[in-house]
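Below: one structure, written as structure tokens.
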Amino acid sequence: MSAIEIRHLTKRFEAEEHTLTALDDVNLSIASGTVYGIIGMSGAGKSTLVRSINFLEKPSEGQVLIDGVDLSSLTAKQLRKERSRIGMIFQGFNLLEQKNVIDNVCFPMRLAGIKKKEAYAKARELLKTVALEEKEKEYPSRLSGGQKQRVAIARALATDPKILLCDEATSALDPQTAGSILRLLKEINEKLKLTIVIITHQMNVVTEICERVAIVENGKLVEEGPVECIFEAPQTDAARELISGTKEAYMPLEKAENGTPVRIVFRENSSFEPLIANTILKFGTPINILKADTRNVNGKAKGEMILGLPGDKEKREAIIRYFRERGLTVTEVRDYV
Amino acid sequence: MFDQKTIQMLLEGIGDTLYMTLISTAVAYVLGLPAGILLSVSGKEGLHPNRIIHGSLGFLCNIIRSVPFLILLILLIPFTRALVGKSYGSTATIVPLVICAAPYVARVVEAALNEVDPGVIEAAKAMGADNLQIVTKVMLVEARTALLSGATITTGILLGYSAMSGTVGGGGLGDIAVRYGYYRWETGIMVVTVLLLILIFQLIQNLGMMIVRKLDHRKRQG
Ligand SMILES: Nc1ncnc2c1ncn2[C@@H]1O[C@H](COP(=O)(O)OP(=O)(O)O)[C@@H](O)[C@H]1O
Ligand SMILES: [Mg+2]
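As given, the protein sequences belong to chains R and A, one line each in that order. To convert a position in the first sequence, counted from 1, into the working numbering, add 977. To convert a position in the second sequence, counted from 1, into the working numbering, add 569.
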């Protein structure tokens, strides 16, 4: 059974003049124990989607099922109980500024009526998990962004949740700190078998730790699948744009004109130089490397290159065939800048 | 320079002034704090928006706040008499002071609570907190420095108003200043009472701000 099942979810915000459809018939199923990414540009509806998972936002239409239980069937009290089993962390950390680190971690336990002593013991344990046991008496204003997010993670884990929702949890952090937070999340996922939902607008966050990803654009879910598949061969413009991080438009190979650069994705264990060198030798034509990059996609090293191929149509196609025979994914890029 | 009797009177004046100021602040908070919480919670962006409650409570606050204190004092004489048996003296003065301050307190509390980071409230909701827990364990805690500096300012204002009530027989230092300074031209006594009022005001203000600083963990450096 999926940990989270979203069925025909539509969310409208009624403004004075017009209605804004923030989510439009979203269907999604997130398997238990996975790290699942939801990616989209700013304003796409990601926060609304993640807030629907714990019913902070009530759907206009459709259902959200957690472990098979429809949240709309719960009473207010049952819903609060259910929410305590779904941890959540935020871009702005949202710690209580007037409470010190350990009291912040104890907070959800105290809300749930757990005795102070017991809560403290558990909070210390959690602070160890996030490597902050030294800071328990510190106040949030004295912590760095990364440390604040660690406290927030410890706090979110305090009520033994089965799901952890992360809304742009690393967007306010520098890349290095963001990386360490992502590794911590992955560690927690493996250790606690927790289902983690990662909301982000950055593809590298998804490729770093997610197993599957859903792409949201204008309130619609436009693409969904294993991260590697989407990274290698994105089907929609939204996905391509998120992967390249620029406004490059990709297009199907068949429609490509001569001279259009191609994007190739290397799988594990293949390396750049021999292939490019071999291609140049074999076809006796220069190849322009416009961009080369390696990324860690869901734990596997992947190489990405954008190449300028010769204008000769036959040669182009032969080269593309040659790449494909070697197991590379090839797509075309238009307007590469 | 003053005789024993005058000193005795001034000491009693200090006692009366403190009594009026502190008791009326406390009672104003007993009324104004829940009202302020209700205003914030029922507000448009509040935990439980309710236009009728927010609108009518806000209207009531505004009406009382728009009546000048001296007029309120006179208007309330029958009410005060019914409540405490007489309409002059320190205890009687507490009634109009409270009525005057409670709506002010309610607005100060409302503003302080509205300043609480919505993200923190959202986080509490996500943890499964109910509205009562959010008010008592999140909003009042996070807003405590704003609430305390509000209380300090309110106490200062009530100190001034208690002195003002001296003009109509309110008791305390204001009363002494009016009786001796205004009616008998004993400037010395009037100057002393004014100095005493300034001193008490400074004490309240500094003590309040010291507590605020001590309790604020938000932006402490180094
Ligand atoms: N409470 C709200 N009232 C009205 N509009 C909202 C509200 N919350 C979000 N929206 C709108 O819904 C759209 C999606 O917002 P959001 O889910 O926050 O996007 P994202 O997190 O992907 O940036 C935006 O156009 C936003 O303005
Ligand atoms: Mg967002």
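Positions of the beta carbon are idealized from the N, C-alpha and C atoms, including for glycine.
Closer than 7 Å: residue i CB and nearest ligand 2 heavy atom
| i | result |
| --- | --- |
| residue 609/A | no |
| residue 1047/R | no |
| residue 1194/R | no |
| residue 679/A | no |
| residue 691/A | no |
| residue 1144/R | yes |
Collapsed DSSP secondary structure at residue i in the structure displayed
| i | result |
| --- | --- |
| residue 1093/R | helix |
| residue 1187/R | coil |
| residue 634/A | helix |
| residue 1073/R | coil |
| residue 790/A | Unreliable positioning characterises residue 790/A in this predicted model, as indicated by a pLDDT of 47, which lies under 50. The coordinate reading is nonetheless provided below. Three-state result, residue 790/A: coil. |
| residue 1147/R | coil |
| residue 1260/R | helix |
| residue 1265/R | strand |
| residue 979/R | strand |
| residue 1286/R | coil |
| residue 1014/R | strand |
| residue 1314/R | Below a pLDDT of 50, predicted positions are generally treated as unreliable, and residue 1314/R, at 47, falls in that range; no measurement from the model is reported. |
| residue 999/R | strand |
| residue 1117/R | helix |
| residue 988/R | strand |
| residue 1006/R | strand |
| residue 1237/R | coil |
| residue 1244/R | coil |
| residue 776/A | helix |
| residue 719/A | helix |
| residue 1084/R | helix |
Inter-residue Cα distance where the pair is residue i and residue j
| i | j | result |
| --- | --- | --- |
| residue 671/A | residue 1136/R | 40 Å |
| residue 1314/R | residue 1178/R | Since pLDDT at residue 1314/R reaches only 47, below the 50 mark, its modelled position is unreliable, and the value read off the structure follows with that caveat. Taking the straight line joining both Cα atoms gives about 21 Å. |
| residue 1270/R | residue 1238/R | 16 Å |
| residue 1059/R | residue 1076/R | 25 Å |
| residue 1093/R | residue 1083/R | 8 Å |
| residue 1212/R | residue 1200/R | 7 Å |
| residue 1001/R | residue 987/R | 5 Å |
| residue 586/A | residue 708/A | 33 Å |
| residue 757/A | residue 650/A | 34 Å |
| residue 1295/R | residue 1268/R | 21 Å |
| residue 613/A | residue 991/R | 15 Å |
| residue 615/A | residue 690/A | 10 Å |
| residue 813/A | residue 1196/R | No statement about residue 813/A is possible, as the shown extent of chain A runs from 570 to 791 and does not include it. |
| residue 742/A | residue 787/A | 39 Å |
| residue 653/A | residue 661/A | 6 Å |
| residue 748/A | residue 725/A | 23 Å |
| residue 1044/R | residue 1035/R | 18 Å |
| residue 641/A | residue 715/A | 28 Å |
| residue 594/A | residue 668/A | 10 Å |
| residue 1306/R | residue 1170/R | 33 Å |
| residue 1256/R | residue 1297/R | 10 Å |
Residue i: CB within 7 Å of a non-hydrogen atom of ligand 1
| i | result |
| --- | --- |
| residue 999/R | yes |
| residue 990/R | yes |
| residue 1021/R | yes |
| residue 1024/R | yes |
| residue 1017/R | yes |
Chain A contact residues for residue i, given Cβ-Cβ distances below 7 Å
| i | result |
| --- | --- |
| residue 1121/R | Per Cβ cutoff of 7 Å: no residues; residue 1121/R is ~14 Å from chain A at best. |
| residue 1258/R | Ordered by position in chain A, no residue passes the 7 Å Cβ test against residue 1258/R, which lies about 58 Å from the chain. |
| residue 1061/R | 696 and 697 |
8 Å Cβ cutoff met for residue i and residue j
| i | j | result |
| --- | --- | --- |
| residue 736/A | residue 597/A | no |
| residue 777/A | residue 676/A | no |
| residue 730/A | residue 626/A | no |
| residue 717/A | residue 773/A | no |
| residue 1112/R | residue 1124/R | yes |
| residue 688/A | residue 1122/R | no |
| residue 685/A | residue 712/A | yes |
| residue 1163/R | residue 1012/R | yes |
| residue 693/A | residue 1033/R | no |
| residue 1190/R | residue 1240/R | no |
| residue 1198/R | residue 1005/R | yes |
Neighbour list for residue i in chain R, Cβ cutoff strictly below 9 Å
| i | result |
| --- | --- |
| residue 710/A | 1073, 1075 and 1076 |
| residue 614/A | Near residue 614/A there are no residues of chain R at all, since even the closest Cβ is about 14 Å away, more than 9 Å. |
Within chain R, partners of residue i - CB distance below 7 Å
| i | result |
| --- | --- |
| residue 788/A | 1118 |
| residue 761/A | In chain order: nothing, as chain R lies at least about 42 Å away. |
Closer than 8 Å at the beta carbon, the chain A residues around residue i
| i | result |
| --- | --- |
| residue 1022/R | Simply none; closest approach about 17 Å. |
| residue 1058/R | 697 |
Beta-carbon neighbours of residue i, restricted to chain R and to distances below 8 Å
| i | result |
| --- | --- |
| residue 713/A | 1075 |
| residue 755/A | Result: empty, since nearest Cβ-Cβ is about 50 Å, beyond 8 Å. |
Contact test: residue i Cβ vs ligand 4 heavy atom, cutoff 7 Å
| i | result |
| --- | --- |
| residue 703/A | You won't find ligand 4 in this model; what it holds is ligand 1 and ligand 2. |
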